[in-house]
Amino acid sequence: MALLLGCLCVVCGAADPAMPVPGAELVNGGFDAGLDASGRAEGWGQYISKFGTARLSTDTEVKQAGTASLRIEAGEKSACTVSQYLSVSDAGPFTFSCLARTTAPATNGIQVSVEWFRIIDWPRRVQMVGRAFSSAVLYGDDTWQRLGAVAMKPDDADLALVAITVGDAQAPAGAYWIDDADFSPGARPAPLLGNPGFELDTNNDGIPDNWGRSYYGDGFEIVRDSEVKHGGAASVRLTGQPGHGNRSVLSTQSPYFVPPQRMRVSFWYRGSGASDNLVDFLPGEGDLAANGTVYFERHQVKLELPKDDWTQFLEEYDVPQDARDFGRMRVDFLMYQRGEGTLWLDDFRLEVIE
């Protein structure tokens, strides 16, 4: 999913005429103020992809807080971004987040982001001076979920451009709801895993989107399973056949985020085989932790098998101090099938506790 902020050039007349002169506080973060005369959310700018369509409205029935949420109905092959400039003078990390949900097809998503700008001649000219890691993309989830992007302010930045993007230039039509947007100092990441319930396989290759698979020897199969699942539309099935090789592995990784103090990992499993897994806290590609390795920590996750019924694994982890000192991390999951049998996995969650 590509964020559609390219309309804001590095040096350009980037300010939307409908946007007010930016202040330090987010305007209409709860979307209770309704729409302005042009049909935009009060206080927010709007961009719709070329040849795309989108209709905004306030929804007083579907909301998480306040009196209303923002409903965006994006047409086929359409994406819509709502955004707002904010004046920022203090140094340090900032978090932009919102609550989101969608009844759109599972190929459609929602994402939040932060970009930094220097004022040259407001509102005619601003210059981009930095871009933060975007949040993970929320796909096809009809429950309220918080999306969050953490951004470190560059020294020469005067403005933050916070943005919420829904839909995709290649996606079917769908409806989205946004509520309780917030931009404030500090790092409060919301690192969602991509496709945690294995709902998506957009290229129909049998492996869920955002996940990878590897085989070390013959006699293994990893495939999306729409018949056996804990929730949603599918699970993933890891099979070890008689006389199999060494192991197979299902893997994914979170987006980068500012390390919190404590995190929770959970997922559901059932079946048989042998599954000794790894949850890795990593600094990033090409970087080393203070201990001289590529890991802040490696956590062993051994599943008790066989299990005829769905069983939840849930564990809380303290994030090591060297990760917090480093300032960014990601979490990798390596889920193994090393034995003979069939193992199903579903509904992964990665949560910040504090």
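Be aware that the sequence shown starts at 277, since it is given in our numbering, and climbs by one per residue.
Ideal placement from N, C-alpha and C gives every residue a C-beta, glycine not left out.
Here the structure is a predicted model, which means the values were calculated and not measured.
Per DSSP, the continuous alpha helix (DSSP H) segment holding residue 597 begins and ends at 597-602.
As summarised for the segment 289-349, the continuous beta strand (DSSP E) elements at least 3 residues long and confined to that stretch are 321-324, 330-335, given in chain order. Of 576, 440, 518, the smallest CA-CA separation from residue 548 is found for 518. Just so you know, the alpha carbons of residue 495 and residue 538 end up roughly 39 angstroms apart. Bridge partners of residue 365 according to DSSP: none are assigned. At a Cβ-Cβ threshold of 8 angstroms, residue 473 and residue 623 count as neighbours. Looking at the DSSP output, residue 528 shares a beta bridge with 609. The DSSP assignment places complete beta strand (DSSP E) segments of no fewer than 3 residues inside the segment 451-502 at 488-492, 496-501, in order along the chain.
For residue 338 and residue 454, the gap between their C-alpha atoms comes out near 10 angstroms. CA-to-CA, the gap between residue 314 and residue 343 works out to about 21 angstroms. For residue 593, the enclosing beta strand (DSSP E) starts and ends at 583-594. In this structure, the CA atom of residue 582 is about 34 angstroms from the CA atom of residue 413. The shortest CA-to-CA distance from residue 498 to any of 485, 508, 513 is the one to 513. Here residue 545 carries a strand assignment [DSSP, helix/strand/coil].
Residue state for residue 434 is assigned as coil, using DSSP reduced to three classes.
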